[in-house]
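Undergrad: These protein sequence lines map, in sequence, to chains P and R.
My numbering numbers the first residue of the first sequence as 1168 and each following residue consecutively.
My numbering numbers the first residue of the second sequence as -8 and each following residue consecutively.
One structure follows; several queries about it will come next.
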Amino acid sequence: MRKNRRAKYFFIFPAIIWVLAFTIFPLIYSLGLSFFRVRLGRPAQFVGLNNFARIFSDYKVGNSLKVTLLYVAITVSIQLILGTLIALLFNQEMRGKNIFRALLILPIFCTPVAVGYLGLTIFYEEGGPINSILMSLFNLKIPWLSSRIWAWVAVLLLDIWQWTPFCFLVILAGLQSLPEEIYDAAYIDSSSEWEIFRKITFPMIQPVIMVVLLLRLIESFKIFDVVYSLTGGGPGTATEVYSLYTYRTGMKFFDLGYASALGYLLLAIVIVIINLLFRQIREVYE
Amino acid sequence: MKKVSILVALVVASLFIASFAFADITVTNASGESITFTDEEIGSIVASGEKPFEGVTVTVTVNEGGPKGGISGPLYEWRDAWEQLTGAKLNIVEIPYAEHYPKVMTDLYTGTGQFDAFMIGSDWMGELIAGEYIIPVDDYIKDPRFPKWDPDALPPSIRTLYTWGDKWYGVLNDCDGQVLYYRKDILNNPDYRAQFKEKYGYEYNVPPKTWDELYDISEFFNGWDWNDDGEADSGIVMHLKVGAQGMYHYVSLSAPFCILPGEKVDKYHNVYWFDPEDMTPLINDEGHVKALDFQLKLAKTGPDAQVAWSLGEAWDYFLRGKAIFCFSWGDLGSLAQDEARSKVKGKIGCSILPGCYEVYDRSQGQFVKFDEPVVWGNTTGGSWHGVISVLSKNPEATYHLLAFHATNKISLWNAQRGWTGVDPGVKFHFLPPYGTASLDDYVANGFHPEDAKEYLDAYYENFFATNIVPYLRIPGGNEYWVALDRHLSEAYTGALSAQEALDRVARDWEDITNRYGREEQLTVYQESIGYQPE
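The following block contains the structure:
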């Protein structure tokens, strides 16, 4: 029995080290940094809460937060809706389903930075593939990367393209785990597919959708790669998301104390949103 | 008789030995081309045949570009040759442009010391000097052991970028400055000239003398097919993408609007960035606002997509013959000679950038008029060159490498080939009477003779101009540039007016200055522009 206990610690030990070294330590260290004015190569200077106070007078924070929140709201909503619809489609009997499913999930495996650079080619305004097709069909040229709005659309499209398959895959798994008997019984009472979806399917897969929603929300707040490689935050500051601004502050300008404070603000925002969501979920189930 | 025979034999033997001791040394690059150095040119380390750097590896950072890329290309081109001469190894570390500065500074700040040298942009110099992160090379320059290069061949404008005070830190490589490229064939077309005169009421100069004149020409040629390729063409093309060096266009263009020329640097004369007495940003004064308003107007005579274009795309547009004007670096002039990607070989003219008749005078708070256009030469850009890290364990081998690239022969070879990114700027790159290069050499390397003359004369005129735009070389230089870049981009995309955008730049610059310490910044700034407090 005692030997078993020791074995338990032996297996748990690497995980503890991992969490301490790569989660707890950086968290505490960056919290410490956020109270200092830090410039590499010079002694750090304690500034108390100045870095946090500075956030409120930094107009660039407001802009990047607005861009990020809008981005999260739009991409996550569309990914969930599209993912659910495609999952419902693939939950039917159809020929070549396995092949289509395999093809559909391919974007998940792409590196986001590579997707961004791919976007540079696809959305190239003078002779890029999309504009070439649009020009030949409708004599239309879209300013994908030079217009503030269209650059936004380009970033959104790439993200939706990459992450909708993830939503689809998880929701499909949820759909396929639903018991057949319930549907057999439901079809006796109603023949309306919409009603069956609304009253049976949706409530039953709601927990899965909530999990997908949570994961996508957390990931979307951290959006960086696609924006960095596709638009660099431009044109102007139209697509400068919060992570990009934090990265520039810390890693380009070496203003590490302020960058840590910015990081903590994002953490606080995500925690609040996730908690609100959890509360919502609890209310639904209680 | 016997003595005479012995004497003759000794003389012959001495000459024989001497012929080996002072034999010229020939090196061959990756393209298979050879260059022969005398002992004096290559230095005694190589001439002696010893290989004191055997087993040493020199690690150099450079902007990502590959074996045929700008600035990185020459390092690959001459790597084998240098390694064979010295026995050392060269490790080239390519870093994307946007990441290069942070990577280098991280190495220096943390004392890691994984790099021996950096091919830096000149705007990094203030930070590197303030932190004492690089070493002066004056002693090495005088040392006959190393390859010989000529610091006096650099024009004062470029020399300023390679030095700090009276010490040399940089070793000759690239000379950046923006000049005006224009389609000489189109502008000299008599029909077009007549149409222009009818519309605007005057005959234009080729090249235009002022920015206003350039605007009129650009507007005239914009939006119709003047080159018979079946598509509408543009007046001008610029690269204005945020994070892709677009702000350099603004600096070159704006200088004659807002720098009041004078005999020396004082509060009101020859200053561009900050008030040299208190570091107040000048970027949002009336001269700058007028310049940016002008640039926004000028941008409308170019393709809309240029707001999202980097250098390559803008250059490509000009090289495909789609625009009348492009003001850019020396790379464009030599790339125009590459017929695989250029349709404008033999058709281009080059000149120093136009000027303005009216310049903003801060002392009077108004624009003042001049009889002749006020023209400013510029060293806009990186003038990318090698400096040696204070953390290098092999500074001699490192300097040897940099000096090898700076020798007249290799420097000229690089400057005559567009893909190297090494742009002309020193005396031996220019044609007589300004320099010692031969037109035949340029022609043999693919230049159209007329293009070569225009191109080299324009650069000579630019670098040796009476007025040179001051260069920003203070700690946090990169941060100041980024702030300028992002807010200019907001103006280019129409999100902000010129005044709003420049007000934001000024506000950001004040923040940066305060964070770095106003007094420290002021001292470095004054030193960097040669301001002497009274």
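Positions of the beta carbon are idealized from the N, C-alpha and C atoms, including for glycine.
A quick note: this is a predicted structure, and the numbers were derived from the prediction, not measured.
#1: Can you tell me the Cα-Cα spacing of R/VAL18 and R/ALA406, whole angstroms?
#2: Have a look at R/TYR483 and R/LEU422 and give me their C-alpha separation to the nearest angstrom.
#3: Output needed in chain order: residues of the segment 1411 to 1432 of chain P with a Cβ under 8 Å from some Cβ in chain R.
#4: What does the alpha-carbon distance come out to for the pair R/GLN286 and P/ILE1300?
#5: Could you tell me whether the segment 289 to 303 of chain R touches the segment 214 to 226 of chain R, using the rule of 3 or more Cβ pairs below 8 Å?
#6: For P/GLN1212, does the three-state DSSP call read helix, strand or coil?
#7: With distances taken between CB atoms, is the gap from R/THR27 to R/PHE106 smaller than 8 Å?
#8: Please confirm if R/TYR483 has its CB atom under 8 Å from at least one CB of chain P.
#9: If you follow the beta strand (DSSP E) that R/GLU363 is in, where does it begin and where does it stop?
#10: At the level of alpha carbons, what is the spacing between R/ALA492 and R/TYR433?
#11: Under the DSSP definition of a beta bridge, which residues are partnered with R/ILE343?
#12: Taking only beta-carbon atoms, is P/SER1313 less than 8 Å away from chain R?
#13: Straight-line CA distance for R/TRP215 to R/ASP476?
#14: Would you say the segment 360 to 380 of chain R touches the segment 151 to 166 of chain R, given that touching needs at least three Cβ pairs under 8 Å?
#15: Report yes if the C-beta distance between R/ILE233 and P/GLY1399 is below 8 Å; otherwise report no.
#16: Using a Cβ cut-off of 8 Å, pull out every chain P residue sitting near R/ASP98, in sequence order please.
#17: Let me know the secondary structure DSSP gives R/GLU24 once reduced to three states.
#18: Are R/GLU55 and R/SER63 closer than 8 Å when you measure CB to CB?
#19: Can you look up R/CYS317 in the DSSP assignment and give me helix, strand or coil?
#20: In terms of residues, what are the limits of the beta strand (DSSP E) holding R/ARG174?
#21: Report the three-state DSSP secondary structure of R/GLU85 (helix, strand or coil).
#22: Roughly how many angstroms separate the alpha carbons of R/ILE177 and R/PHE316, rounded to a whole number?
#23: Below 6 Å CB to CB, which residues in the same chain sit around R/ILE16 once its five sequence neighbours on both sides are set aside?
#24: Run down chain R in chain order and give the residues with a C-beta less than 8 Å from the C-beta of P/ALA1405.
#25: Buried or exposed: where does R/TYR92 fall if 16 or more other Cβ atoms within 10 Å of its Cβ makes it buried?
#26: Report yes if the C-beta distance between R/ASN453 and R/ARG408 is below 8 Å; otherwise report no.
#27: How about R/SER336 and R/ARG174: do their beta carbons lie closer than 8 Å?
#28: For R/ARG136, collect the residues of the same chain with a Cβ closer than 6 Å to its Cβ; drop the 5 residues on either side in sequence, then sort them by chain order.
#29: Can you grab the Cα-Cα spacing for the pair R/ALA12 / R/SER402, in whole Å?
#30: Would you mind telling me which residues of chain P sit closer than 8 Å to R/GLY234, beta carbon to beta carbon, in chain order?
#31: Here's the rule: buried if 16 or more other CB atoms are within 10 angstroms of the residue's CB, otherwise exposed. What is R/LEU231?
#32: Determine, using beta-carbon pairs with one atom in the segment 1334 to 1341 of chain P and one in the segment 1375 to 1390 of chain P, whether at least three such pairs fall under 8 Å.
#33: Tell me whether P/PRO1193 is buried or exposed, calling it buried when 16 or more other Cβ atoms sit within 10 Å of its Cβ.
#34: Report yes or no: do three or more beta-carbon pairs, one from the segment 1416 to 1436 of chain P and one from the segment 1358 to 1374 of chain P, lie closer than 8 Å?
#35: To the nearest whole angstrom, what separates the beta carbons of R/PRO345 and R/PRO364, a pair I think is in contact under 8 Å?
#36: Of the choices R/LYS360, R/ASP431, R/ILE86, R/PRO466, whose alpha-carbon is the least far from that of R/CYS249?
TA: Considering the structure as presented:
#1: 18 Å
#2: 39 Å
#3: ARG1415, MET1418, LYS1419, PHE1420, PHE1421, ASP1422
#4: 33 Å
#5: Taking a contact to require three or more Cβ pairs closer than 8 Å, the segment 289 to 303 of chain R and the segment 214 to 226 of chain R qualify as touching.
#6: P/GLN1212: strand per DSSP, three-state reduction.
#7: Taking C-beta atoms as the reference points, R/THR27 and R/PHE106 fail to come closer than 8 Å.
#8: yes
#9: Counting along the chain, the beta strand (DSSP E) containing R/GLU363 begins and ends at 357 to 365.
#10: 43 Å
#11: According to DSSP, R/ILE343 bridges with nothing at all.
#12: yes
#13: Looking at the two C-alpha atoms, the distance is approximately 31 Å.
#14: yes
#15: According to the sequence displayed, residue 233 of chain R carries Val and not Ile. Yes.
#16: Result: empty, since nearest Cβ-Cβ is about 10 Å, beyond 8 Å.
#17: coil
#18: yes
#19: strand
#20: 170 to 174
#21: Residue state for R/GLU85 is assigned as strand, using DSSP reduced to three classes.
#22: R/ILE177 and R/PHE316: Cα-Cα distance of roughly 11 Å.
#23: PHE28, ILE33
#24: THR484, ALA486
#25: Classification for R/TYR92: buried.
#26: no
#27: Contrary to the premise, residue 336 of chain R reads as Lys rather than Ser in this sequence. In terms of Cβ geometry, R/LYS336 and R/ARG174 do not form a close pair [threshold 8 Å].
#28: Short of 6 Å from the beta carbon of R/ARG136, and not among the five residues preceding or following it, lie these beta carbons of its own chain, in chain order: GLY34, SER35, ILE36.
#29: Because the pLDDT of R/ALA12 is 48, which lies under 50, any placement of that residue in the model is unreliable, and the question is left without a value.
#30: GLY1399, GLY1400, GLY1401
#31: buried
#32: yes
#33: exposed
#34: no
#35: Beta-carbon to beta-carbon, R/PRO345 and R/PRO364 are separated by about 7 Å, close enough to satisfy the 8 Å threshold.
#36: R/LYS360
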